[in-house]
Structure formats: C-alpha cells, structure tokens
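Chemist: Once you've had a glance at the structure underneath, I'll fire off some questions.
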Amino acid sequence: MTWSKHRNWKHYQALNELIPLSLIALYSAINLSGGFWSVKKRNAFLTKYLKPKVKHPQFTACKKELKALLVIGRSLNGNMEQKLLFINQANLDYEARWSHADELYILFSKLSEQHQFGSKIKCKDQTMEPDIIYMSSDAIEKGFDAQNNQIKPLSITLKTSRLQELISAIKEFGRYQLEEVYVNDEIGTQLLLSRK
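All the letters of the sequence shown, read from the start, carry residue numbers 1113 to 1308 under my numbering.
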C-alpha cells in the first residue's frame, strides 16, 4: 500500500468502526422507544451520540468528518442519518476495490496493532526476533500476480510462544487460513498462509 492508501486505510478503519455503531445505536433507540422519530429527533440523538467521539484518539483520522456531521445534525435542514448511510456505502465501495495485497497489508497491520505480531522481510542469515512474522521477498513476488491478487500460499516463519493466538487472530480476520508446515523451537514455526 502506498502512503495515500495507508492514510485512506486509517480513515476507512475509523469510519468503519464509527458509522455502523452510530446507525445501530440510532435504530436500537428507535426500536426500544417505538413510534415514529422525526429527522429532527434522529439528528438530536446522533449528535448526542457522536459529540463525545470527536475527542477519542481512535477517531483522529476522521475528526473533520465528525465535526461536519455534527454541523449537519444541528442545522435545520440537515439529515445526519442520510449522510451516515451515504458514508457507509462509500466505505463498502472502498472495501470492494481492495486487492489481495491490500488485504494482506491490513491483516499484518491488525496483527501488529491488536496482537503485537510485527512483520518483516526475511534477510539471509538474519536472527529471528520473537513474535515477528518473516516472509521472503521472493515468496511475496511469486505469490501475487500483476493485479496484486494472491495466486499461491505464502510461506511465513516466526518464533513465538503464542502460536494459537496468531492462528485465532488470522481466523478471526476471516479471509485467510493457515497450514502448519513444521514447528521447531530453535528454528521457528513455518506456516503457509492462503486465502479461503
């Protein structure tokens, strides 16, 4: 991923966490209270729900959009729900354009941020660090076609005492599966990472 795509990913990630939760909160409140909610009442609810999120560090990437949404929610003719639905659809369209290489980058980013499994390109005679996923540049080049779609399983190697946590995290991501090739406490564990 280029720097621009990386920024877009962080932006997408923040909005993808915030927008669906906002809509779910709105629809749950409507369902619990019963009856019809006017656009004004929906805007008031969403404004109250979203206002504290502006200060959360996880939403820094979309802070401008949050402030713009709050302005829409406070305006007389604004329809924040409609805008949230539009942004949600834009996020779904963005996700549909990802290549397999983009998805692999996202997987490794999540493994690093949420589970502290870093990733590096393996160099010859390199000492392996614990909880770092190593891949050879040759395996990456041969594993993807010209459109960045994965065409064969990727060999990854790592030394870890948290192998089950890694396997669970990759399964949770949902787009990949792991096949164990060998486990050796001194050399490390070699796995094949393939798409489902």
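Just so it is clear, CB atoms sit at the ideal spot from N, CA and C, and this is done for glycine as well. Owing to the predicted nature of the structure, the values given are computational and were not obtained by experimental measurement.
Considering only C-alpha positions, which residue in the set N1296, N1189, E1277 and A1173 is nearest to R1154?
Modeler: Answer by Cα proximity: N1189.
Chemist: Go through its chain and collect everything with a Cβ distance to E1193's Cβ below 6 angstroms, but skip five positions before and after it.
Modeler: Within the same chain, E1193 has close Cβ partners R1154.
Chemist: Would E1284 count as contacting chain B if we go by Cβ distances under 8 angstroms?
Modeler: Among the protein chains of the structure shown there is no chain B, as only one such chain exists.
Chemist: Exposed or buried, what is C1235 when buried is set at 16 or more other beta-carbons lying within 10 Å of its beta-carbon?
Modeler: Exposed.
Chemist: Classify Q1125 as buried or exposed, calling it buried when 16 or more other Cβ atoms lie within 10 Å of its own Cβ.
Modeler: Looking at its Cβ environment, which holds 16 or more other Cβ atoms inside 10 Å, Q1125 is buried.
Chemist: Can you tell me whether L1139 is buried or exposed? The criterion is at least 16 other CB atoms within 10 Å of its CB, across all chains shown.
Modeler: Going by the sequence as given, residue 1139 is Tyr instead of Leu. It is exposed - the Cβ of Y1139 has fewer than 16 other Cβ atoms within 10 Å.
Chemist: Please confirm whether L1345 and K1165 have their CB atoms less than 8 angstroms apart.
Modeler: The chain is shown only over 1113 to 1308; residue 1345 falls outside these bounds and no answer can be derived.
Chemist: DSSP on T1272, reduced to helix/strand/coil?
Modeler: In the structure shown, T1272 sits in coil (DSSP, three-state: anything other than H, G, I, E or B).
Chemist: Determine the contact status of L1216 and I1268, defining contact as a CB-CB distance below 8 angstroms.
Modeler: Going by C-beta atoms, L1216 is not nearer than 8 angstroms to I1268.
Chemist: Ignoring anything shorter than 3 residues, give me the beta strand (DSSP E) runs that lie fully in the region 1194-1281, in order along the chain.
Modeler: Here the runs fully enclosed are 1230-1233, 1244-1247 and 1266-1270.
Chemist: Could you name the residues of the same chain whose beta carbon sits closer than 8 angstroms to that of D1243, not counting the 5 residues immediately before and after it, in chain order?
Modeler: Closer than 8 angstroms at Cβ, skipping near neighbours: Q1228, F1229, G1230, L1270, K1271, T1272 and R1274.
Chemist: Just to check my reading of the structure: A1213 and F1256 have Cβ atoms closer than 8 angstroms, yes? What is that Cβ distance to the nearest angstrom?
Modeler: The Cβ separation is near 6 angstroms, so the contact holds.
Chemist: So, with DSSP's three-state summary, where would you put R1307?
Modeler: Note: R1307 maps to strand in three-state DSSP.
Chemist: Below 8 angstroms between beta carbons: does that hold for L1135 and L1162?
Modeler: No, Cβ-Cβ distance for L1135 and L1162 is not below 8 angstroms.
Chemist: Would you check if the distance between the CB atom of P1132 and the CB atom of N1191 is smaller than 8 angstroms?
Modeler: It is not a contact, given that the beta carbons lie outside the stated cut-off.
Chemist: For D1250, which option in Q1289, E1225, L1266 and T1239 has the closest C-alpha, if you only look at C-alpha atoms?
Modeler: Nearest option by C-alpha distance: L1266.
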